[in-house]
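Note that the protein sequences, when read in sequence, are chains L and Y. Per numbering that gives the first Met the number 0, residue 0 is the first one in the first sequence, and the count goes up by one each step. Per numbering that gives the first Met the number 0, residue 0 is the first one in the second sequence, and the count goes up by one each step. Don't be surprised by glycine CBs; every beta carbon is placed ideally from N, CA and C. This structure is a prediction, so every number in the text was calculated from the model and none was measured. Contents: one structure, followed by commentary.
Protein chains: 2
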Amino acid sequence: MKWLPEWLRHYQRAWFAGDLTAGIIVTVMLIPQSLAYALLAGLPPEVGLYASILPIIAYALLGSSMTLAVGPVAVASLMTASALQPLAAAGSAEYVALAMQLSLLSGVMLLAFGALRLGFLAYFLSHPVISGFITGSAVLIAVGQIKHILGVKVAGSDVLDVLHGLATALPQTRPVTLVIGVASLLFLWAARRWMARALQHIGLGAKTADLLAKLAPMLAVIASTAVVGLLRLDQSAGVSVVGAVPQGLPQLSLPVPSMGTLGQLWLPALLISLVGFVESVSVAQSLALKRQQRIQPNRELLGLGAANMASAFSGGYPVTGGFARSVVNFAAGAQTPLAGVISAVLMAVVIAALTGWFFYLPHAVLAATIIIAVTSLIDLDTLRHAWHYDRADALALLATAAGVVVFGVEAGILLGVTLSLGTIVWRNTHPHIAVVGRLPGTQHFRNVERFQVETVPGLLAVRVDESLFFANATVVEDRIEALLARDATVRRVVLICSAINQIDATALGVLTQMERNLAARGIEFTLAEVKGPVMDRLRGTELGQRLHGKVFLSTHDAFMQPVPAPPRP
Amino acid sequence: MKWLPEWLRHYQRAWFAGDLTAGIIVTVMLIPQSLAYALLAGLPPEVGLYASILPIIAYALLGSSMTLAVGPVAVASLMTASALQPLAAAGSAEYVALAMQLSLLSGVMLLAFGALRLGFLAYFLSHPVISGFITGSAVLIAVGQIKHILGVKVAGSDVLDVLHGLATALPQTRPVTLVIGVASLLFLWAARRWMARALQHIGLGAKTADLLAKLAPMLAVIASTAVVGLLRLDQSAGVSVVGAVPQGLPQLSLPVPSMGTLGQLWLPALLISLVGFVESVSVAQSLALKRQQRIQPNRELLGLGAANMASAFSGGYPVTGGFARSVVNFAAGAQTPLAGVISAVLMAVVIAALTGWFFYLPHAVLAATIIIAVTSLIDLDTLRHAWHYDRADALALLATAAGVVVFGVEAGILLGVTLSLGTIVWRNTHPHIAVVGRLPGTQHFRNVERFQVETVPGLLAVRVDESLFFANATVVEDRIEALLARDATVRRVVLICSAINQIDATALGVLTQMERNLAARGIEFTLAEVKGPVMDRLRGTELGQRLHGKVFLSTHDAFMQPVPAPPRP
Numbered sequence: 000m001k002w003l004p005e006w007l008r009h010y011q012r013a014w015f016a017g018d019l020t021a022g023i024i025v026t027v028m029l030i031p032q033s034l035a036y037a038l039l040a041g042l043p044p045e046v047g048l049y050a051s052i053l054p055i056i057a058y059a060l061l062g063s064s065m066t067l068a069v070g071p072v073a074v075a076s077l078m079t080a081s082a083l084q085p086l087a088a089a090g091s092a093e094y095v096a097l098a099m100q101l102s103l104l105s106g107v108m109l110l111a112f113g114a115l116r117l118g119f120l121a122y123f124l125s126h127p128v129i130s131g132f133i134t135g136s137a138v139l140i141a142v143g144q145i146k147h148i149l150g151v152k153v154a155g156s157d158v159l160d161v162l163h164g165l166a167t168a169l170p171q172t173r174p175v176t177l178v179i180g181v182a183s184l185l186f187l188w189a190a191r192r193w194m195a196r197a198l199q200h201i202g203l204g205a206k207t208a209d210l211l212a213k214l215a216p217m218l219a220v221i222a223s224t225a226v227v228g229l230l231r232l233d234q235s236a237g238v239s240v241v242g243a244v245p246q247g248l249p250q251l252s253l254p255v256p257s258m259g260t261l262g263q264l265w266l267p268a269l270l271i272s273l274v275g276f277v278e279s280v281s282v283a284q285s286l287a288l289k290r291q292q293r294i295q296p297n298r299e300l301l302g303l304g305a306a307n308m309a310s311a312f313s314g315g316y317p318v319t320g321g322f323a324r325s326v327v328n329f330a331a332g333a334q335t336p337l338a339g340v341i342s343a344v345l346m347a348v349v350i351a352a353l354t355g356w357f358f359y360l361p362h363a364v365l366a367a368t369i370i371i372a373v374t375s376l377i378d379l380d381t382l383r384h385a386w387h388y389d390r391a392d393a394l395a396l397l398a399t400a401a402g403v404v405v406f407g408v409e410a411g412i413l414l415g416v417t418l419s420l421g422t423i424v425w426r427n428t429h430p431h432i433a434v435v436g437r438l439p440g441t442q443h444f445r446n447v448e449r450f451q452v453e454t455v456p457g458l459l460a461v462r463v464d465e466s467l468f469f470a471n472a473t474v475v476e477d478r479i480e481a482l483l484a485r486d487a488t489v490r491r492v493v494l495i496c497s498a499i500n501q502i503d504a505t506a507l508g509v510l511t512q513m514e515r516n517l518a519a520r521g522i523e524f525t526l527a528e529v530k531g532p533v534m535d536r537l538r539g540t541e542l543g544q545r546l547h548g549k550v551f552l553s554t555h556d557a558f559m560q561p562v563p564a565p566p567r568p
Numbered sequence: 000m001k002w003l004p005e006w007l008r009h010y011q012r013a014w015f016a017g018d019l020t021a022g023i024i025v026t027v028m029l030i031p032q033s034l035a036y037a038l039l040a041g042l043p044p045e046v047g048l049y050a051s052i053l054p055i056i057a058y059a060l061l062g063s064s065m066t067l068a069v070g071p072v073a074v075a076s077l078m079t080a081s082a083l084q085p086l087a088a089a090g091s092a093e094y095v096a097l098a099m100q101l102s103l104l105s106g107v108m109l110l111a112f113g114a115l116r117l118g119f120l121a122y123f124l125s126h127p128v129i130s131g132f133i134t135g136s137a138v139l140i141a142v143g144q145i146k147h148i149l150g151v152k153v154a155g156s157d158v159l160d161v162l163h164g165l166a167t168a169l170p171q172t173r174p175v176t177l178v179i180g181v182a183s184l185l186f187l188w189a190a191r192r193w194m195a196r197a198l199q200h201i202g203l204g205a206k207t208a209d210l211l212a213k214l215a216p217m218l219a220v221i222a223s224t225a226v227v228g229l230l231r232l233d234q235s236a237g238v239s240v241v242g243a244v245p246q247g248l249p250q251l252s253l254p255v256p257s258m259g260t261l262g263q264l265w266l267p268a269l270l271i272s273l274v275g276f277v278e279s280v281s282v283a284q285s286l287a288l289k290r291q292q293r294i295q296p297n298r299e300l301l302g303l304g305a306a307n308m309a310s311a312f313s314g315g316y317p318v319t320g321g322f323a324r325s326v327v328n329f330a331a332g333a334q335t336p337l338a339g340v341i342s343a344v345l346m347a348v349v350i351a352a353l354t355g356w357f358f359y360l361p362h363a364v365l366a367a368t369i370i371i372a373v374t375s376l377i378d379l380d381t382l383r384h385a386w387h388y389d390r391a392d393a394l395a396l397l398a399t400a401a402g403v404v405v406f407g408v409e410a411g412i413l414l415g416v417t418l419s420l421g422t423i424v425w426r427n428t429h430p431h432i433a434v435v436g437r438l439p440g441t442q443h444f445r446n447v448e449r450f451q452v453e454t455v456p457g458l459l460a461v462r463v464d465e466s467l468f469f470a471n472a473t474v475v476e477d478r479i480e481a482l483l484a485r486d487a488t489v490r491r492v493v494l495i496c497s498a499i500n501q502i503d504a505t506a507l508g509v510l511t512q513m514e515r516n517l518a519a520r521g522i523e524f525t526l527a528e529v530k531g532p533v534m535d536r537l538r539g540t541e542l543g544q545r546l547h548g549k550v551f552l553s554t555h556d557a558f559m560q561p562v563p564a565p566p567r568p
């Protein structure tokens, strides 16, 4: 039984009520969402349903979050469409096969990253970049759904093409479709704003009211399907409907891409994996913290990797942890991934027996569901805060959002990755370095630029507030040389190492070379406040030997020691 | 006259002797090297000569190093060959045109990076990764030249192909070519080991002897050309020779790539720019430091960018600052880039009048020059030091070198970039965090894991030794939550900010959320030792307001304040 996940081995009966309720409520959200996101990804509706069964169970076995709801999500669906549309006709058998292969590749990558313990990669994208990416994607998705509301056909992958296509196609708008679409939009929007309050008004508890309000999309689906089916609006008014969805559980298969396809899919698969992982971890993290639980990024990689493999094997497409459903799952009282397993079983029942019910479901209603869902992803708060607190962050957010809207979702995330990595590299190559002096009458030392401090003639005391490594070592050397160039009387340099926890091989090389150069010019290079572990490693090196007797315990000691006389000219 | 570079506006007569000597000696090195590196790049010999005139002058006007010798170099030549061989037949007119376009793209990129002040990118590649890349490239280059020593034809771009081809072609070895090649190899190798010493022995000064020893390749060129020409070994023994080199200065032209070519060349151009820039800066830096001069990475970008543009306009190919020639230039007494201008003028004279002299120069001698030159790039010292000091660095070096040899030069440098960035991201997402306590009877606070210190029940004092930003904020939160999960009695968390110089918007968001979560659980979140500038920015934020009265001046103050009572159960 050791291979079973911990939550299952120690399952407590008291948890079951919460898991069951959450499982049922999430299923009612999941049915319209999985159909809608398949539409968004350019896939037949059943693919969305297939992606909502085995992936959830695979995640339940390997993931670390108790409440993350895995399955089809908006951004990964958009990225799938963007990756596959250049390669095959949307909805074709080839397109479906490519979607499965994309999911397989993404699964393999996530599992490999998990095995290599690369979970720390979850943190390298800055929050503004993620926010900009999501906001840009939401705009792109919403714009792409307008055609379904109008009932017209529009091709084009970038936003200007689509807008131009919409303008041209406007006269072909189908009035009944438009009425259904706009009515759904208004209903879903009103439901989000007022339904919870209205339900509270008629006597329901706040939490129950909130949860029931989340079921509005299902209500819209049922009502519109009934109206269209009863009036046969698909035939009489040309309302585009989902149509026949194959009934029965998904066939298992092994979708192995050819070498050529591999070359075309690896980058999209990598980007989908990265974005899906980062999003999942941040949702799972924020939910876990509310109950003092922890999630483990490396386990998340394994869980999401297994989910994508399972999706690939069972006719699905790339999946990840979704924001909206996870929040509802948590609020509805899910205690363990059993809630997810319950909704997977319910989805299996739907697919095995009930797909006929979706025949008259209008595409316009699914589009309205998507539009309302993604507008909640547009995050102006982060932009406003960033604008006030750190203009550079706000610009990174805007650049990423604009990149997604103008150049598409892949170029947008690549821009975001570049901005984040660039920021990290910039930070690391601009370490904080201060020249320090002594606060009069104390043993405290402070930045000469910010405090009235005493200095000793011929002594240059420099404090570096970072560990030394390849990205900053040369910069530190540069700064020290620049300081020496300004003051020719310096005979001793003290490097204060109070914030240096590590010196890597490159930095060691730079320091060794600098010490030699300085010695040749009659300037003594010394260290102060070296931490124990750093000193231990230095001892065996050439630099350690050359610095013998030149390492001061405290900066104070370094200030008290007489400075060597200048060399004879 | 303000547009003239500073060294020229303030030129002193005393510098001229050094510049002239260095210019002449570098030219004598440059003639065989430029022919040899053109051969390595798969280009006709005149392209190497063209790349040794205008680029040097362009760099002299914009670069910041006084002694960097710009022109064709081994690694950039290898990268050019690797980029162009899939696109056109080596040596064809199309291939030459592509080389010029590659140089143009590289020049535009370098200038753009300079304008964007991205000079800090020089430091993001770790020294082991650079060393591994150079070593791997040197091996690849040397192996690729063996065919010229044997006088056989071998195709194939990866090292296994080439070795297999050599084994197959071995029976076709041309004996006279082999004798010339091996004799040159032995002579050049012996010259490098013993010539300087021998010259000192016959009474020359150490420095003069060292410099004259660098002219051995020219000696080999002259001797072998004379022998082959006099005996007509090209006809009688099938010795492959350089042949007719067009005489006359290069034509100026504007080589604009098509959109399709742009798509194929941008990545190689980017990688050549990056590698060339990093190499140039490190050579220029180490030479400048010996004379207490500084180089400016942003000006280097402009100088190298202009050099590559000039190379593109004048029939050349990608150039950068070379290691060996720069060292000789420095040692020969170059004081300013005038030394380079002098060698450019001398090269122009050679091209305008003397190319006929190269007709009988055997390819085997050029190959021997290349092999001896690149063996000095194989850097086992760095590997040995890294192995003893930091095993991870040694593995990065070996992986990059192996990547270059096995997968080629582009995949190798991409692997190196990934390893360096990965290391930086890993470091940034693993900040040093210590729980601290008080050294008994003092006001000093130290890591509880390394010192015998006192703690206060209910108080958790955590010191983070880095600025807080997006890559580490969540990790810090995670660690604090993990510490709280281990000790349920904690009622106050003190975050000691003595090493925090900055808190970015993401980290501010994480701290704000954490403070709210902790407050909801009855745990007080406080700060200590916040630096002035950090406090100034915090004041206007929600977190700043919520922390009002909870910011301690010193850790000592935080330890003296009574801890709040636990909330009623």
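Closer than 7 Å at the beta carbon, the chain Y residues around residue i
i, result
"L/P267", "The premise fails here: L/P267 is roughly 18 Å from chain Y at the closest Cβ pair, so nothing lies under 7 Å."
"L/G531", "R449"
"L/G508", "H126"
Contacts of residue i in chain L (Cβ-Cβ under 8 Å)
i, result
"Y/W425", "F119"
"Y/Q284", "T473"
"Y/A385", "A504"
First through last residue of the beta strand (DSSP E) which encompasses residue i
i, result
"Y/N446", "444 to 446"
"L/R437", "432 to 437"
"Y/T260", "From DSSP, Y/T260 is part of no beta strand (DSSP E) but of the alpha helix (DSSP H) over 258 to 289."
"Y/T525", "523 to 527"
Segment limits, alpha helix (DSSP H) that includes residue i
i, result
"L/F469", "469 to 485"
"Y/I495", "Unbroken run through Y/I495 is the beta strand (DSSP E), 491 to 495; no alpha helix (DSSP H)."
"Y/E93", "92 to 114"
"Y/R298", "296 to 312"
Residue i burial status per 10 Å Cβ neighbour count (16 or more: buried)
i, result
"Y/A287", "buried"
"L/K152", "exposed"
"L/K146", "buried"
"Y/I24", "buried"
"L/P85", "exposed"
"L/E523", "buried"
Residue i Cβ short of 7 Å to the ligand SAH heavy atom set
i, result
"Y/M346", "By its list of ligands, the structure shown contains no ligand whatsoever, and the ligand SAH lies outside what it can speak to."
Contacts that residue i makes with chain Y (C-beta to C-beta distance below 8 Å)
i, result
"L/Q500", "The displayed chain sequence assigns Asn, not Gln, to residue 500 of chain L. Those within 8 Å of L/N500 in chain Y are H431, D464."
Reference residue i, options the options, closest by Cα
i, options, result
"Y/T505", "L/G155, L/L396, L/V181", "L/L396"
"Y/L104", "Y/H547, Y/A268, Y/V161", "Y/A268"
Chain-ordered neighbours of residue i on chain L, where CB pairs are closer than 9 Å
i, result
"Y/D535", "Within chain L, no residue comes near Y/D535; the closest Cβ sits about 12 Å away, beyond 9 Å."
Cβ contact (3+ pairs, closer than 8 Å) linking the stretch 0 to 19 of chain Y and the stretch 527 to 544 of chain L:
Contact fails: fewer than three Cβ-Cβ distances are below 8 Å.
Worksheet entry | Inter-stretch contact at 8 Å, needing at least 3 Cβ pairs: the stretch 279 to 295 of chain Y / the stretch 12 to 24 of chain Y | Below 8 Å, too few C-beta pairs join the stretch 279 to 295 of chain Y and the stretch 12 to 24 of chain Y to call them touching: fewer than three.
Review point. Is the stretch 360 to 372 of chain L touching the stretch 52 to 64 of chain L in the sense that three or more CB pairs, one from each, lie closer than 8 Å?
Key: By the Cβ test, the stretch 52 to 64 of chain L is not in contact with the stretch 360 to 372 of chain L, since fewer than three Cβ pairs between them sit closer than 8 Å.
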